[in-house]
Amino acid sequence: MKYLIMCEGPNEKAVVNLLLDNNLLIFNRNDLLGLDIYHARQLVPYLVNLINSYNCSNLKIIRIGDKFTDKLKIPESIKHIIDYKQILKCHTHPELEILLIIDKNLFDKFNKEKSKIKAKDFAKKHISLNGHLYDNTTQFWNDYFKNNIKNLVNDIKKCKKIGKNKKEEIYLADLLKK
Amino acid sequence: MRLLKIIIKNYKLLDDNFSLEFIPKGRKNIEDKEFELNQIDDNLYTFATMAVIGKNASGKTTTLEALAIAYDILSNFKIKHSLNEIKNNNKTISLELYFYYNKYLYYYKTDLGYEPINDFVSFKNEELYNCFYYKSYSNDIFNLDKYSKIINNTVLPDDTSIIYTILNKITMRGLYYWSDFELSYDIDKIIEIYKTLDTNMLSVVVNLLDEHIKDIKRENNNKFMILYNDNTQEVKTKKELFSMLSSGTTKGLFLYIQIITAMLSGADVLVDEIEIHFQRTLIDNIINLFKDKSINKYHSTLIFSTHYPELLDLTSRTDNIIICKQNKKRIIVENMYDYNLRSDSIKSKKLYENYFNTAINYETLMNLKKELMQEIK
């Protein structure tokens with residue numbers, strides 16, 4: 798079994814990489830197709846090429862993101878390899894920044910304002926590290942959590958508790974080692 | 004250093020308007036930035052891979068040779084590897100290069116003429132210009148109005164380019180793999196590079212190319228220990244080793260060594276007819292290595308010519324595909340981007356449909372069959 802991890806944005810990729818490097822996920826690097834996590838919304842030629850080289854139907858595709866506006870298109874050449882039941886959506890509802898908001902104990906405050914402000918913008922306004930406000934960069938995510946992995950794990954778990962994902966969607970917490 | 008554009012005149016049959024750009028013309032989406040393009044500065048990108056296609060005798064190899072001349076100068080500041088090509092060219096070649104180096108854009112022009120008495124190529128009428136790169140220039144980087152001439156008082160030998168004054172260090176900035184790979188000559192080259200690389204990496208490459216061999220260890224200059232997968236071993240001389248290895252393994256070894264060298268140094272790699280000697284999975288793997296940001300950290304570009312339409316589907320872009328054609332005995336190059344294909348078009352299908360006028364004429368094929376039928380009668 799191999800996992801193909803497709804993140805919608807670079808920040809999702811940074812977070813999953815942090816968890817992976819700290820051996821906190823249900824898979825390790827050897828379990829990943831191409832030994833890596835990818836920032837890709839669709840199966841671009843690079844990934845199709847990779848799937849072809851694996852040439853095995855024992856593949857789980859996990860899409861991580863907060864939008865999933867596009868349906869995942871499966872190119873004709875790999876349709877025989879892909880098992881549609883093995884394509885999972887890992888929803889970081891409402892946006893990945895909810896992790897930062899939870900971490901700073903600002904969830905209740907955000908909850909009161911969420912009809913007026915998106916989680917990303919709320920984070921840009923209220924979350925800072927060493928005097929620098931959140932700027933939506935992978936650098937910020939890495940700096941924020943690299944020495945604080947336990948907090949990240951706890952935030953991910955809390956996020957599931959308060960989450961409102963659809964039945965068929967999984968949470969980041971579901972990817973954590975038990 | 005990253006080559007951005009080449010313009011060459013009077014080289015073999017290349018048309019006088021021959022120019023090639025290494026920067027994207029089309030829109031750059033998130034996935035392209037992740038896989039298809041190398042970011043060399045703020046909003047300045049080059050391609051991770053480029054393909055050169057065309058019929059037989061359409062000028063693919065000549066196009067790569069022209070690039071090899073540019074890389075020869077950018078690597079050695081002399082014409083070293085391309086000497087024969089220039090020697091056999093009747094006219095003085097006029098070459099213009101745009102390249103990026105250390106936050107600056109450079110424009111360089113020179114004439115290249117072979118000096119029979121001294122057996123070297125001299126650089127004449129050289130000029131060098133530069134400008135600091137700003138993000139706002141990204142859509143107009145070849146506009147010479149922004150550049151200023153570099154006045155250089157360094158006196159160099161006639162066979163040395165003034166690019167030396169900028170790049171200083173001789174190092175391979177372009178590596179070439181030609182389809183007419185001469186085995187007897189290149190064995191020594193392989194061995195030389197082999198010496199410099201990490202042995203673990205090489206054993207992985209050897210095993211990838213020949214699953215019966217676990218490792219090849221160098222004992223001394225002429226002796227090699229071959230370790231087989233069944234744990235037997237043999238000592239072979241250099242000559243015995245290369246006559247034992249399959250032609251594909253030797254060539255694969257050479258190409259992979261070049262690719263590893265490129266990944267470690269940032270050199271670009273030119274491969275003529277990439278499909279020759281290699282199975283498809285290996286070619287796919289080679290192309291993916293250049294697109295892999297965790298491996299291709301120094302922004303190398305793989306530039307390959309091919310007759311395999313399917314390889315074009317390995318890229319989601321069209322502006323990194325160069326189509327060579329002959330028109331009135333002149334080689335012209337077109338960019339697939341200028342054909343305005345729909346984004347969901349399958350490029351290999353278009354090629355089979357002769358959309359780019361690159362297919363071999365049916366009548367010509369049938370003429371051969373007719374002749375054969377007659378002869379056999």
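Order-wise, the sequence lines are chains A and B.
Residues are numbered in this note's numbering as their position in the first sequence, beginning at 1, plus a constant of 797.
Residues are numbered in this note's numbering as their position in the second sequence, beginning at 1, plus a constant of 3.
Every residue gets a Cβ at the ideal spot worked out from N, C-alpha and C, and that includes glycine.
With a cut-off of 8 Å on Cβ pairs, the region 309-319 of chain B is in contact with the region 832-845 of chain A, counting three or more such pairs. Spatial neighbours of His84 of chain B in its own chain (CB-CB distance under 6 Å, excluding positions within 5 residues in sequence) are listed in chain order as Asp75. Identification of chain A residues near Ser297 of chain B by a Cβ-Cβ cut-off of 7 Å yields Asp833, ordered along the chain. Taking 9 Å as the upper bound on Cβ-Cβ separation, chain B lies near residues Gly831, Leu832, Asp833, Tyr835, His836, Ala837, Arg838, Gln839, Val841, Pro842, Tyr843, Leu844, Val845, Asn846, Leu847, Asn849, Ser850 of the region 819-851 of chain A.
Comparing alpha-carbon positions, the option among A:Ile959, A:Asn819, A:Tyr800, A:Trp938 lying closest to Leu832 of chain A turns out to be A:Tyr800.
Apart from sequence neighbours up to five positions away, the residues of its chain that approach Glu118 of chain B with a beta-carbon distance below 6 Å are Ser125, ordered along the chain. For the region 270-294 of chain B, the set of residues with a beta-carbon nearer than 8 Å to any beta-carbon of chain A comprises Thr284, Asp287, Asn288, Ile290, Asn291, Lys294, in chain order.
The C-beta separation of Leu230 of chain B from Asp218 of chain B comes to about 4 Å, placing the pair in contact by the 8 Å criterion. The beta carbon of Thr157 of chain B lies closer than 6 Å to those of Thr168 in the same chain, with the five residues before and after it left out. Against chain A, a Cβ distance below 7 Å from Asp316 of chain B picks out Pro842. A direct Cα-to-Cα measurement between Lys220 of chain B and Ile286 of chain B gives close to 26 Å.
Within the model, the alpha-carbon separation for His890 of chain A versus Ile334 of chain B is close to 56 Å. If you draw a 10 Å sphere on the C-beta of Val238 of chain B, you find fewer than 16 other C-beta atoms in it, and that means exposed.
For Ala73 of chain B, the enclosing alpha helix (DSSP H) starts and ends at 63-79. No Cβ of chain A is located within less than 9 Å of the beta carbon of Phe50 of chain B. Here the region 950-958 of chain A makes no contact with the region 867-887 of chain A; the two share fewer than three CB pairs at distances below 8 Å. For Ile335 of chain B, the uninterrupted beta strand (DSSP E) run begins and ends at 333-338, by DSSP.
Leu354 of chain B and Thr309 of chain B have their C-alpha atoms roughly 12 Å apart. The C-alpha of Asp201 of chain B is placed about 40 Å away from the C-alpha of Gly116 of chain B. With a threshold of 9 Å between beta carbons, Ser22 of chain B makes no contact with chain A. A straight-line Cα-Cα distance of about 8 Å links Asp45 of chain B and Tyr137 of chain B. Below 8 Å, enough C-beta pairs join the region 859-877 of chain A and the region 803-817 of chain A to call them touching: three or more. DSSP, read as helix, strand or coil, puts Val274 of chain B in strand. Around the beta carbon of Thr284 of chain B, a 10 Å sphere encloses fewer than 16 other beta carbons of the protein chains shown; the residue is thus reported as exposed.
Beta-bridge partners of Ile10 of chain B (DSSP): B:Ser22, B:Glu99.
A contact is defined here as three or more CB-CB pairs under 8 Å, and the region 47-63 of chain B meets this definition with respect to the region 322-341 of chain B. Counting only unbroken stretches of 3 or more residues, no beta strand (DSSP E) element lies wholly within the region 903-975 of chain A.
Ile859 of chain A sits in a strand when the DSSP states are folded into three classes. Residue pairing by DSSP puts Lys112 of chain B in a beta bridge opposite B:Glu99, B:Glu130.
Per the C-alpha coordinates, the member of B:Asn79, B:Asp148, B:Lys15 positioned closest to Tyr110 of chain B is B:Asp148. For the pair Ile11 of chain B and Ser151 of chain B, the CB atoms are not nearer than the 9 Å cut-off.
Annotation: Cβ neighbours of Ser319 of chain B in chain A (cutoff 8 Å, chain order): Val841, Pro842. Interface residue (Cβ-Cβ distance to chain A less than 9 Å): Glu34 of chain B is classified as such. Fewer than three pairs of CB atoms, one per stretch, sit closer than 8 Å, so the region 848-855 of chain A makes no contact with the region 819-829 of chain A. When rounded, the separation of the alpha-carbon atoms in Asn945 of chain A and Lys974 of chain A is 17 Å.
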